[in-house]
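Below is one structure, written out as structure tokens; the observations come after it.
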Amino acid sequence: MTFLLVLGFMAPAPAAAEARTDLIWGGPQDPDSLDPRLTTSAYSEEVLELVFNSLIYPNADLEMEFDLATDLETPDDTTYIFSLREDVTWHDGEPFTAHDVVFTYETMMNEDFGSPHRTRIDMDTIEALDDYTVKITTAEPNAAAWTGFRRFIVPEHLAPADPYDEGEGTFAFNPVGTGPYTLAEWNPNDFIRLERYDDYFDGPANLETIIRRDIPEGETRLAELLAGSIDFTQPPERDIDMIDEDPDFTLQMSGTLNYFPVAINHAHPDHDILNDVRVRKALNYALDKEAIVSHVWPTASVMHNPIIAGTWAYDEEATYKYEYNPEKAKELLAEAGYEDGLEITITMSNSTENVQFGEIARSYYEAVGIELVADTMEFSAALSKILDGDFELYHMGSTGMYDPHDFMNRFTHGEGVTGYNNPEFNELVDQAVRIIDDQDARRELYSEAQRIMTEDAYNVPLRNSQMWMAWDSDFNFDYNYVERSRNLIDAYWSE
């Protein structure tokens, strides 16, 4: 792994007395929480990146840069010693210390606290050696341990240590971080207002105020961008070319590390049907993925397993691909005893694209005898149901997976939200992550794991999406999906 020390360098904005210092951002969904220990939402992450910091963070080249940390020593394969910055303060003026790091990770690793990040953090012990040194150990070597070190750090003196109901008046609603912006106001499902933190350790950001408005409808976001009511947004995919050709706007595309499946609940207490591999295979064969993805998400690519094609661990030959075959789907359903059909519900957010996908998928499934019921709702409500395991199928993305273990670990030992648990698969994934500095050996194990999970029809893999943003051409900004809103720190308006 490569760490780049990036401390205290920020390009100043060109002097311009009349240049704007605010930004109106149109976002597709409101955050579900602003306690970084309790959310996995990409929409929350966009805001959290401006309010909080982590020990390390990935740059656009997927190299890890230091953030709150200044150095890392690894005396052996299970020990990590971080030296921390000594010039960092929380937004209330209190100093940041190693004790905040220990507190953050101890609460996330506490099963009773209920953090969705718990299974993604591999730590045996964590301790503050002094106010600015943290020592972390793992029980065994872990090639992906570094991915857990990028979680946002919360203040020990303000953040709750025990489980709590999120809402107005709680830390999740009024977060205090160390980042370049403070949360000034949040009216849920309306807007969030961020104000510049002038004592930010890396120097004050260029923009004084960022207002992020919640605008779920893509056509509304586009109309407001064209009218000048918002400055920065993600327009509908079908309008990308039109925006790109308009000199008044800048549009940038970016590859992603996201994975959008039709996920299958293997542990639903009232729906044993999905434990039958013949039904799961039928769900795969019944969809023409190429046709669906090209129609609903034309810039996306079809996926066949959770590892993104082109990354070092992906093995196309080992991956079983369920090519569109409705007759095979009918045959499998009949073998499973469902020749008269069955009903299955899919949970997802109510975005324009998801509603369209639900209608198309319903017609494909109807053709093989499956009645698909689309249970669509506001994003945070859908995410809550999924995290609670209250679904049969769901369509929602996973993102920010920088090591193949991030992809594969979500399906081991029944600990992920889908409850998938295949002992042979578990063993391969567990072995692979224990191998340090031998990518070829890890790749071989992941290849076999991909064969097992796809032949077992663990899910219905669907797509890896491009991401894009558009903004007023007078706004100077560089977009990439990995750093996302973090790049707003250096953004500025021309005169």
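Start counting the sequence shown at 1; every next residue gets the next number (full-length UniProt numbering).
Using N, Cα and C, we set each Cβ at its ideal position, and we do this for glycine too.
None of the values given here were measured: they were computed from a predicted structure.
Bridge partners for residue i per DSSP, in chain order?
i	result
M467	S254
S398	Y259
T345	V373
V47	Looking at the DSSP assignment, V47 forms no beta bridge with any residue, so it has no partner.
D130	T133
Y181	R196
Y492	N476
N187	F191
S301	N464
T119	Answer is none; T119 lacks a bridge partner.
L393	I264 and I346
D388	According to DSSP, which records beta bridges pairwise, D388 is partnered with nothing at all.
D214	G27
D22	T209
T138	BP columns for T138 are empty, so no partner.
T125	T137
T220	None, per the DSSP bridge assignment.
T233	G26 and A470
Evaluate residue i with the Cβ neighbour count: other Cβ atoms within 10 Å of its Cβ, from every protein chain shown; 16 or more gives buried, anything less gives exposed.
i	result
P235	buried
G93	exposed
D395	According to the sequence as given, residue 395 is His; it is not Asp. Buried, by the Cβ-count rule.
W312	exposed
E156	buried
H295	exposed
Q29	buried
S54	buried
V262	buried
K330	buried
Q439	exposed
A184	exposed
P31	buried
S33	buried
D100	buried
Going by beta-carbon coordinates alone, are residue i and residue j separated by less than 9 Å?
i	j	result
I307	M467	no
A143	R442	yes
L342	R278	no
D194	L50	Just to set this straight, residue 194 is Leu in the shown sequence, not Asp. Taking 9 Å as the Cβ cut-off, L194 and L50 qualify as a contacting pair.
T250	Y481	no
V88	P95	yes
G414	H304	no
residue 497	P160	The chain is shown from 1 up to 495; residue 497 falls before or after that span and cannot be answered.
T299	I240	yes
N422	I452	yes
S301	N464	yes
E353	Y57	no
Y132	A172	no
Q450	Y314	yes
F391	D375	yes
Y364	I292	yes
D22	T233	no
K281	Y322	yes
S41	F379	yes
Alpha carbon to alpha carbon, what distance is there between residue j and residue i?
i	j	result
I52	L287	Per the sequence presented here, residue 52 reads as Phe, with Ile not at that position. So the alpha carbons of these two residues sit roughly 41 Å apart.
M377	S349	5 Å
G389	D270	12 Å
A336	F152	46 Å
G27	R213	6 Å
Y197	T138	35 Å
L5	Y181	Residue confidence is low: L5 scores 38 on pLDDT, short of 50, so the model does not pin down where it sits. Its coordinate-derived value is still stated next. Roughly 22 Å separates the two Cα atoms.
residue 496	I136	Outside the displayed span of the chain (1 to 495) sits residue 496, for which this structure offers no information.
L372	D190	32 Å
G419	E168	32 Å
D77	P141	5 Å
F149	P36	13 Å
Y324	P461	13 Å
D472	T39	30 Å
L428	I435	11 Å
Y479	A223	21 Å
I215	R221	6 Å
L393	A361	12 Å
Y492	T70	27 Å
L387	A381	10 Å
F425	A318	14 Å
H91	E245	42 Å
I211	N174	16 Å
Q356	Y285	20 Å
P404	P163	31 Å
D437	E63	16 Å
A11	D490	Confidence in A11 is poor, its pLDDT being 45 and thus under 50, which makes the residue's placement unreliable; the coordinate value appears in the next sentence. If you take the alpha carbons of A11 and D490, they lie about 7 Å apart.
Practice item. Could I get the ranges of all uninterrupted beta strand (DSSP E) runs contained in the region 33-96, with 3 residues as the minimum, in chain order? Key: Correct list: 56-58, 64-66, 69-76 and 79-84.
Practice item. Note down, one range per segment and in chain order, each beta strand (DSSP E) of at least 3 residues found wholly within the region 406-470. Key: Counting only runs of 3 or more, we get 460-464.
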